[in-house]
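Sequence order for the protein chains is H and B.
Position 131 (the first sequence) corresponds to 131 in the UniProt record's numbering; numbering is contiguous.
Position 11 (the second sequence) corresponds to 11 in the UniProt record's numbering; numbering is contiguous.
Backbone N, C-alpha and C define an ideal beta-carbon position, used for all residues, glycine too.
All remarks here apply to the structure that follows.
2 protein chains.
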Amino acid sequence: MFIPIKNTKVYEQVIEQIKGMISDGTLKRGDKLPSERDLVQQLGVSRASIREALRALDIIGLIESRQGEGNFIRESFENGLVEPLSIMFMLNESKPKEIFELRKVMEIETAALAAKRISESELEVLKDLVNKMENSNDEEIKVKIDKKFHYTIAHASGNFVIFNILNTLSTLIDAFIKDARKEILRKDKNKNTINTQHEAIYNALKEHNPGEAATVMRKHMELIDENLISSKKTVD
Amino acid sequence: MFIPIKNTKVYEQVIEQIKGMISDGTLKRGDKLPSERDLVQQLGVSRASIREALRALDIIGLIESRQGEGNFIRESFENGLVEPLSIMFMLNESKPKEIFELRKVMEIETAALAAKRISESELEVLKDLVNKMENSNDEEIKVKIDKKFHYTIAHASGNFVIFNILNTLSTLIDAFIKDARKEILRKDKNKNTINTQHEAIYNALKEHNPGEAATVMRKHMELIDENLISSKKTVD
């Protein structure tokens, strides 16, 4: 149960109690929190403090406030890293290249993990994406296919945290580097190379060969890297 | 300048304006925010909304509230990912193994980056740490040396975001896996292997050989991985 609070920095303690209840399993994903009024009574603090705590939990994406229904622990924390990572990039004036480098670092070994764990149905999804990409001439569609390709591999890693960070990075790269993805896909000299590389990645995953998966993913990332460096106007 | 706000979800808009001012360079690290009273006037919203916004920014670590002095944009956002990542682990009931796996995925390619960029003075620090580790029998000290060794390599990657995430993971691993680090270092069969591996990593970095650095770091991570699997009581 909640424990009444007597101290300073009250809103932090409210947050700690709610986090504690998640940590020990009392509150689970999707659960409804007590009403603001009940929290005021149970914790013995002001309505303002309760509200500050709830707002903060809303901002960090831990709870969701539904109009007229109350506050709920979020079902998914999928976007929980977007805000803090983008703030970090802003505060440190990170160059997009730094963000892309983190993606590169993660994708290589994630491909190795995926090679160990990928399911037959995920392999089918990938094969379908490789075929569609080869047969498409529409850049918008190709950008979508490309994202789905990397998304599927991240998911196949079987590690939710890795999957989540890679998705966050994909969102941030789209926001920070804007049309870089499209430009890379548009260049004539890249078209065949990218298709060949995607196919090579698919084959390594199909053979469940982690070393090969990492090697071909590294080559793929290096190709994108070179393109980012050369397309100065979108990167620097 | 700030723009007066007329709408719902007021605290979110206050946050967006402050973030916007960081993004466009009006507010920089260490800068003082206007007082609560000034914000109320400039933005034309209630003191409660301003406070909710400021509390939320405090919680996510963007601003720092100094008693009697006011609110400042934080100089460092180093711990900005600890809270959201630990919430993610709690909500998804992530196994410590998943956290360690993320660290493994990142450390391997980070070693490759460090091989390209490490400075002479960082190499000296690493060499000193390798020597001290070989000559120490105190587990507490060895844990500290081990942490510093990996911290230095992460720093040598020259990528602040990677450095920051690896530090966050190190903090979380210590919190979630508790004494795993010490147990691994204590085991007799590991003692020589760990020293040899640290030396091999140092040598690869000294030779500025990215491929070799990644290879030896992978072996090192695999050794730790095996130990985590075998010490069931601290991991599952």
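| query | Taking the alpha-carbon positions, what's the Ala214/H to His220/H distance? | reply | Counting from one through the first sequence, the residue named residue 214/H turns up at place 214. Counting from one through the first sequence, the residue named residue 220/H turns up at place 220. Between Ala214/H and His220/H, the C-alpha separation is close to 10 Å.
| query | Does the beta carbon of Lys32/B fall short of 8 Å from some heavy atom of the ligand NAP? | reply | In the structure on display, the ligand NAP does not appear, and there are no ligands present to speak of.
| message | Please report the distance separating the alpha-carbon of Ile99/B from that of Phe77/H. | response | Here the question's residue 99/B lines up with position 99 in the second sequence. Here the question's residue 77/H lines up with position 77 in the first sequence. About 16 Å.
| request: Measure the C-alpha to C-alpha separation of Val105/H and Lys206/H and round it to an integer number of angstroms. | output: Position 105 of the first sequence, counted from the start, is the residue given in the question as residue 105/H. Position 206 of the first sequence, counted from the start, is the residue given in the question as residue 206/H. Cα to Cα, the separation comes out at about 22 Å.
| field | Exposure label - Lys6/H; buried when at least 16 CB within 10 Å | value | Here residue 6/H corresponds to residue number 6 of the first sequence, with the count starting at 1. Its pLDDT being 48, under 50, Lys6/H is placed unreliably in this model, and the value from its coordinates should be taken loosely. It counts as exposed.
| For the beta strand (DSSP E) that contains Phe72/H, what are its first and last residues? | Position 72 of the first sequence, counted from the start, is the residue given in the question as residue 72/H. It spans Gly70 to Ile73 - the beta strand (DSSP E) in which Phe72/H sits, taken as one unbroken run.
| Inter-residue spacing [alpha-carbon to alpha-carbon] between Val10/H and Glu101/B | Here residue 10/H corresponds to residue number 10 of the first sequence, with the count starting at 1. Here residue 101/B corresponds to residue number 101 of the second sequence, with the count starting at 1. Going by the C-alpha atoms only, they are around 36 Å apart.
| field | Residues that Ala48/H contacts on chain B, provided the C-beta gap is smaller than 8 Å | value | To locate residue 48/H, count along the first sequence from 1; it is residue 48. Near Ala48/H (Cβ distances below 8 Å), the residues of chain B are Ala48 and Arg51.
| Taking 9 Å as the CB-CB limit, is Asp58/H close to chain B? | In the first sequence, residue 58/H corresponds to position 58, counting from 1. For Asp58/H, the answer is yes, since a Cβ of chain B falls inside 9 Å of its Cβ.
| said: If contacts are defined as beta-carbon pairs under 8 Å, then residue 257/B and Glu222/B qualify, I think. What distance do you get, rounded to the angstrom? | reply: The requested residue 257/B does not occur in the structure, where chain B is confined to residues 1 to 236.
| Under 9 Å between C-beta atoms of Arg117/H and Ser157/H | The residue you call residue 117/H lines up with position 117 of the first sequence. The residue you call residue 157/H lines up with position 157 of the first sequence. Yes, the Cβ-Cβ distance between Arg117/H and Ser157/H is below 9 Å.
| task | Anything in chain B within Cβ reach of Gly80/H, meaning under 7 Å, just list it in chain order. | result | Taking the first sequence and counting its residues from 1, one reaches residue 80/H at position 80. Under the 7 Å cutoff, chain B gives Pro84, Ile87 and Met88.
| request: Kindly list, in the order they appear in chain H, the residues whose Cβ is closer than 8 Å to that of Glu109/B. | output: For the purposes of this step, residue 109/B is taken as residue 109 along the second sequence, with counting starting at 1. The contacting residues are Lys104, Val105, Met106, Ile108 and Glu109.
| request: Specify whether the region 67 to 87 of chain H and the region 71 to 87 of chain B touch according to this definition: at least 3 beta carbon pairs, one from each stretch, less than 8 Å apart. | output: yes
| query | Is Leu39/B near Ile50/B, with beta carbons less than 9 Å apart? | reply | Here residue 39/B is taken as the residue at index 39 of the second sequence, counted from 1. Here residue 50/B is taken as the residue at index 50 of the second sequence, counted from 1. Yes, Cβ-Cβ distance for Leu39/B and Ile50/B is below 9 Å.
| Continuous beta strand (DSSP E) stretch holding Glu64/H: start and end | Here residue 64/H is taken as the residue at index 64 of the first sequence, counted from 1. First-last of the beta strand (DSSP E) with Glu64/H: Ile63 to Arg66.
| task | Say whether chain B places a C-beta atom closer than 9 Å to the C-beta of Val45/H. | result | Counting from 1 along the first sequence, the entry for residue 45/H is found at position 45. Cβ-Cβ to chain B under 9 Å: no for Val45/H.
| request: Tell me, please, whether the CB atom of Asn71/H is closer than 9 Å to any CB atom in chain B? | output: Here residue 71/H refers to the residue found at position 71 of the first sequence. False, the Cβ-Cβ gap to chain B never drops below 9 Å.
| task | With 7 Å as the limit, tell me which residues of the region 149 to 178 of chain H have their beta carbon closer than that to any beta carbon of chain B; keep them in chain order. | result | Asn159, Phe160, Val161, Ile162 and Asn164
| task | May I have the straight-line CA-CA distance separating Val143/H from Asp188/H, to the nearest angstrom? | result | For this step, residue 143/H is matched to residue 143 along the first sequence. For this step, residue 188/H is matched to residue 188 along the first sequence. Rounded to the nearest angstrom, the two C-alpha atoms are 15 Å apart.
| request: Under the assumption that Asn167/H contacts Ala154/H (Cβ atoms under 8 Å), give the Cβ distance between them as a whole number of angstroms. | output: What you label residue 167/H is simply residue 167 of the first sequence in a count that begins at 1. What you label residue 154/H is simply residue 154 of the first sequence in a count that begins at 1. Yes, Asn167/H and Ala154/H are in contact; Cβ-Cβ is about 7 Å, under 8 Å.
| request: Would you mind listing the alpha helix (DSSP H) stretches within the region 116 to 180 of chain B that are 4+ residues and don't spill past its ends, in chain order? | output: 120 to 134, 139 to 156 and 160 to 177
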